[in-house]
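Asks: Top to bottom, those sequences are chains X and D. Reminder that position 191 of the first sequence reads as 191 in the UniProt record's numbering, one-by-one numbering, no gaps. Reminder that position 113 of the second sequence reads as 113 in the UniProt record's numbering, one-by-one numbering, no gaps. All C-beta atoms in this analysis are idealised placements derived from N, C-alpha and C, irrespective of residue type, glycine included. Bear in mind that the values here come from a model prediction, so they are computed numbers and not experimental data.
There are 2 protein chains.
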Amino acid sequence: MDIVGIVAEYNPFHNGHLYQISEVKKRFPNAVIVVVMSGNFLERGEPALLDKWMRAKEAILNGVNLVVELPVAFCVQPADLFAFGAIRILKELGVQKLVFGVENVDYDFDKMAQLTKKVHGDFSTYNESYAKAYQRAITERTGVDVSKPNNLLGLAYAKANLELGSFLELIPIQRKKAEHHDQQLPVDSRIASASAIRSAVLSNKELVVNFVPNSTVEDLQQSKKASWTDFWPLLKYQILTSKVQELREIYGMTEGLEFRLKDKLERMGPAVAFTDWIDEVKSKRFTYTHLTRLATMILLQAKKDEVAQVVRSPYIRILGFDDLGQKQLNNVKKKMTFPVISRVSQKIAANPLDLDYRAGLVYSQCSGQRQDFGRKPFQG
Amino acid sequence: MDIVGIVAEYNPFHNGHLYQISEVKKRFPNAVIVVVMSGNFLERGEPALLDKWMRAKEAILNGVNLVVELPVAFCVQPADLFAFGAIRILKELGVQKLVFGVENVDYDFDKMAQLTKKVHGDFSTYNESYAKAYQRAITERTGVDVSKPNNLLGLAYAKANLELGSFLELIPIQRKKAEHHDQQLPVDSRIASASAIRSAVLSNKELVVNFVPNSTVEDLQQSKKASWTDFWPLLKYQILTSKVQELREIYGMTEGLEFRLKDKLERMGPAVAFTDWIDEVKSKRFTYTHLTRLATMILLQAKKDEVAQVVRSPYIRILGFDDLGQKQLNNVKKKMTFPVISRVSQKIAANPLDLDYRAGLVYSQCSGQRQDFGRKPFQG
Chain X
1 MDIVGIVAEY NPFHNGHLYQ ISEVKKRFPN AVIVVVMSGN FLERGEPALL DKWMRAKEAI
61 LNGVNLVVEL PVAFCVQPAD LFAFGAIRIL KELGVQKLVF GVENVDYDFD KMAQLTKKVH
121 GDFSTYNESY AKAYQRAITE RTGVDVSKPN NLLGLAYAKA NLELGSFLEL IPIQRKKAEH
181 HDQQLPVDSR IASASAIRSA VLSNKELVVN FVPNSTVEDL QQSKKASWTD FWPLLKYQIL
241 TSKVQELREI YGMTEGLEFR LKDKLERMGP AVAFTDWIDE VKSKRFTYTH LTRLATMILL
301 QAKKDEVAQV VRSPYIRILG FDDLGQKQLN NVKKKMTFPV ISRVSQKIAA NPLDLDYRAG
361 LVYSQCSGQR QDFGRKPFQG
Chain D
1 MDIVGIVAEY NPFHNGHLYQ ISEVKKRFPN AVIVVVMSGN FLERGEPALL DKWMRAKEAI
61 LNGVNLVVEL PVAFCVQPAD LFAFGAIRIL KELGVQKLVF GVENVDYDFD KMAQLTKKVH
121 GDFSTYNESY AKAYQRAITE RTGVDVSKPN NLLGLAYAKA NLELGSFLEL IPIQRKKAEH
181 HDQQLPVDSR IASASAIRSA VLSNKELVVN FVPNSTVEDL QQSKKASWTD FWPLLKYQIL
241 TSKVQELREI YGMTEGLEFR LKDKLERMGP AVAFTDWIDE VKSKRFTYTH LTRLATMILL
301 QAKKDEVAQV VRSPYIRILG FDDLGQKQLN NVKKKMTFPV ISRVSQKIAA NPLDLDYRAG
361 LVYSQCSGQR QDFGRKPFQG
């Protein structure tokens, strides 16, 4: 049996994701598909449209066998640390093959990882000029362009795999054209980019029924959809009432940013919009995405030592499974070194889950749905 | 010239307040009326319906000559400390007479203060049984019942006056019946209780035009009205993302309350209402009002040392004046020992205004109106 891993955000789960799963099943008819999925806050520093429970359920209903959560300490991060956290968890779950969509399927990601293993992402100085310098260094060593986001993410998976003993067979698959960062829903395809789907959903102007499976349609119809618009009043309040020395404890707060973002906010007045504030704080040193990630960390009150603690000692949080997924869990359980969490008790909420538990409390202020106590994995 | 002081909240400014001002003018035709008014958060632990700038303007338009703000460190407090802060500020402003409404105008408040000066309000143990014991001790010494709220407040003014050298002539005036805690608007009077007016305004069910002057009607029509409903999402978020050791730094947090209020909130889930949560946390030790004051302190992130700092070193914040009021200010300016603030600069915002400046930022999240930078006193 092939244990095939996928790293995903499913924001929301759409036909492109379905296509990827069907590709896996075509190539590996006996595959157990294991997905490590971001929770309620995502890689680009934004809340997920639908909560992790709905997205995990949609994945199971559409052919995935096991969904576990990537702790928020890894989710809201640049590609390298995001990838490392995800691959580390897939290793723990006995995954042998990794399928991932890229813009250039002909790239040799293993070789690229070998050639660039000494080029490290220095997360404390992650800014625009740094990101460009990093890509240039990669291109110099590999001879290929990695500026496209999924190629860069593919390389990050390959590097994490190399660092963790090359336990994975890497299987890049070609992304459909429409899956790139197009902001428009296509007219000639049933696959659209997740961001085009999100903006259609949030603007209520276009129907997305052609681009997502039925389970996603239902969840989108019946649930509160979250965006920064919902959390911005809370973030604004947090920044305004925090002292600069308190903001300084937040993960990713560097170089006096705590003064800059507080000062800009106070000057812009109570009616300022989230994106206008980010645009005002943005600079060559601090990119838009760096700032939305930092904004998420402030919103969640994620302190430097808390993030470091989870990065050192991750855990497996089960969000959903079917029979095959459960078997796979049982197969690897004895070998696992990480704690496995499928239900949350008071003790687990305090430790080790603390930060993710808090993220769930914050997310639930918008969704209205509890994220931890009383919740159990979806069984397909 | 008689310099007459009033301590007020004006939440909102209504015909009962107008009646009090006309009584002052009848008795002291040459009076300069100086009001020390709560800012945007009030004695019973709630946001003001309209912001302090509107309420100060209404007071000036209706005959008050000078309005200064009572710092929030004194506003959101039991009667004794509230009164002490207000009387201390009136002393600084050269006030000689204090007019205040009471239920029993025949009480000798000076004598009552003499008889009870050793009965102190211990604010750290302010709870139901304590409040009752305090009233019983007063009654034992004075022979009169002080359970009615304005009698008790009158005694608090008298005690503060005694403590500050008996510089004030105390002039209790009879409150109109409807000014008590009636929750209904009366049919046979143009004076209603502030709380009946507030609930009519917030429920949008009844017109309050008969019970407030025109200036209040206009402000109520044109402005966002604030209540706990607006600030509850922010408070909930603050409690859920704060660690217990952070909550412990908040002014008024005693006896493990930080665990209790966090735990109850988590258990009650994301949809819980403010009053339901308070009812759940409430106990014999912790009255409803104790908890709403504490809730306000959490909302404003008012730390123990910050409140103590303002109580030690108050200041005079000018909100509005007319010519007479300005003259009075000029007369006392040289003798004043407190800093006088009429416009807020960056430096003043940081110190000494810090806590009130933060309260303004929080309040403006609901009102949409800046409370400090760029605001200047209303000139009548």
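What are the residues of the region 217-240 of chain X that lie near chain D, defined by any Cβ-Cβ distance shorter than 8 Å?
Replies: Against chain D - using a Cβ distance shorter than 8 Å - the residues of the region 217-240 of chain X are P233, L234, K236, Y237, Q238, L240.
Asks: Provide the residue span of the alpha helix (DSSP H) that contains G374 of chain X, from first to last.
Replies: From DSSP, G374 of chain X is part of no alpha helix (DSSP H); its letter is neither H nor E.
Asks: Taking the alpha-carbon positions, what's the residue 382 of chain D to V146 of chain D distance?
Replies: Here chain D covers residues 1 to 380 and nothing more, so residue 382 of chain D does not appear.
Asks: Looking only at DSSP bridge pairs, what is I171 of chain X linked to?
Replies: Answer is X:V99.
Asks: Pull up the DSSP beta-bridge partners for V34 of chain D, would you.
Replies: Paired residues: D:G5, D:L66.
Asks: Starting from the C-beta of L207 of chain X, find all residues in its chain whose C-beta is less than 8 Å away, skip the five residues before and the five after it, and write them out in chain order.
Replies: Correct list, in chain order: A200.
Asks: DSSP beta-bridge partners for K303 of chain D?
Replies: K303 of chain D pairs with D:I250.
Asks: Quick one: complete alpha helix (DSSP H) runs, 4+ long, within the region 196-257 of chain X?
Replies: Counting whole runs of 4 or more residues, the region 196-257 of chain X contains the alpha helix (DSSP H) stretches 214-222, 228-241, 244-247.
Asks: Does the beta-carbon of L202 of chain D have 16 or more other beta-carbons within 10 angstroms, so that it is buried, or is it exposed?
Replies: The residue is exposed, with fewer than 16 neighbouring Cβ atoms inside 10 Å.
Asks: With a threshold of 8 Å between beta carbons, is S364 of chain X in contact with chain D?
Replies: It does; some Cβ of chain D falls within 8 Å.
Asks: Could you pull the start and end residues of the beta strand (DSSP E) that L319 of chain X belongs to?
Replies: First-last of the beta strand (DSSP E) with L319 of chain X: 316-321.
Asks: Is DSSP giving V72 of chain D helix, strand or coil here?
Replies: Here V72 of chain D sits in helix by DSSP.
Asks: Would you give the residue range spanned by the alpha helix (DSSP H) that A56 of chain D belongs to?
Replies: Unbroken alpha helix (DSSP H) run through A56 of chain D: 52-61.
Asks: Taking 8 Å as the CB-CB cut-off, is Q326 of chain X touching chain D?
Replies: So, not an interface residue.
Asks: So, at 6 Å on beta carbons, what are the nonlocal neighbours of Q135 of chain D in its own chain, with the 5 sequence-adjacent residues on each side left out?
Replies: Once the five neighbours on either side are set aside, the close Cβ partners of Q135 of chain D are V146, S147.
Asks: Less than 8 Å between the CB atoms is what I'm expecting for G63 of chain X and Q328 of chain X, so what's the real figure, rounded?
Replies: No, G63 of chain X and Q328 of chain X are not in contact; Cβ-Cβ is about 14 Å, not under 8 Å.
Asks: Can you check which of these residues, D:D182, D:L294, D:M1, D:R55, is closest to H17 of chain D by C-alpha distance?
Replies: Considering only alpha carbons, the answer is D:R55.
Asks: Can you pull the chain D residues whose beta carbon is under 8 Å from the beta carbon of R370 of chain X, in chain order?
Replies: Correct list: G269, P270.
Asks: Once DSSP output is grouped into helix, strand and coil, what is the label at F286 of chain D?
Replies: Coil at F286 of chain D, not helix or strand.
Asks: Give me the Cα-Cα distance between residue 381 of chain X and M112 of chain X, rounded to the nearest whole angstrom.
Replies: An answer regarding residue 381 of chain X cannot be provided, because it is not within the stretch 1 to 380 covered by chain X.
Asks: If the cut is a Cβ gap below 8 Å, which residues of chain D does R358 of chain X touch?
Replies: L240, T241, listed in chain order.
Asks: May I ask you to list the residues that DSSP assigns as paired with I21 of chain D?
Replies: The partner list for I21 of chain D (beta bridge, DSSP) is empty, contrary to what the question assumes.
Asks: Name, going along the chain, the residues of the region 132-157 of chain D whose beta-carbon falls closer than 9 Å to a beta-carbon of chain X.
Replies: Result list empty, no residue passes.
Asks: Measuring straight from C-alpha to C-alpha, what distance separates L152 of chain X and A131 of chain X?
Replies: Roughly 11 Å separates the two Cα atoms.
Asks: Taking L240 of chain X and L361 of chain D to be in contact with their CB atoms under 8 Å, please state how far apart those CB atoms are, rounded to whole angstroms.
Replies: L240 of chain X to L361 of chain D, Cβ: 4 Å. Contact.
Asks: Can you say whether K205 of chain X is buried or exposed, counting buried as having 16 or more other CB atoms within 10 angstroms of its CB?
Replies: Per the 10 Å Cβ criterion, exposed.
Asks: So E92 of chain X and I316 of chain X are supposed to be a Cβ contact under 8 Å. How far apart are they, rounded?
Replies: Rounded, the Cβ-Cβ distance is 6 Å, consistent with contact.
Asks: Would you call the CB atoms of A226 of chain D and H14 of chain D closer than 8 Å?
Replies: Cβ distance not < 8 Å, so A226 of chain D and H14 of chain D don't count as in contact.
Asks: Q328 of chain X by DSSP, collapsed to three states: which one?
Replies: The answer is helix: DSSP assigns Q328 of chain X an H, G or I state.
Asks: Any idea what DSSP makes of L41 of chain D, helix, strand or coil?
Replies: Residue identity differs from the one stated: residue 41 of chain D is Phe in this sequence, not Leu. If DSSP states are grouped into helix, strand and coil, F41 of chain D belongs with the strands.
Asks: For Q245 of chain X versus I298 of chain X, is the C-beta distance shorter than 8 Å?
Replies: Result no, Cβ atoms of Q245 of chain X and I298 of chain X do not sit closer than 8 Å.
Asks: On a Cα-Cα basis, can you pick out the residue from D:L300, D:F82, D:T296 that is closest to K159 of chain D?
Replies: For the residues D:L300, D:F82, D:T296, the minimum Cα distance to K159 of chain D belongs to D:F82.
Asks: Is there a Cβ of chain D sitting closer than 8 Å to that of E266 of chain X, yes or no?
Replies: Yes, contact with chain D.
Asks: My guess is that E23 of chain D and I173 of chain D are in contact by the Cβ rule of under 8 Å, so how many angstroms apart are they, rounded?
Replies: Contact holds; Cβ gap of about 6 Å.
Asks: Taking C-beta to C-beta, are V310 of chain X and A73 of chain X nearer than 8 Å?
Replies: Yes, the Cβ-Cβ distance between V310 of chain X and A73 of chain X is below 8 Å.
Asks: Just how far apart, CA to CA, sit K97 of chain D and R141 of chain D?
Replies: Each residue's Cα considered, the two are about 26 Å apart.
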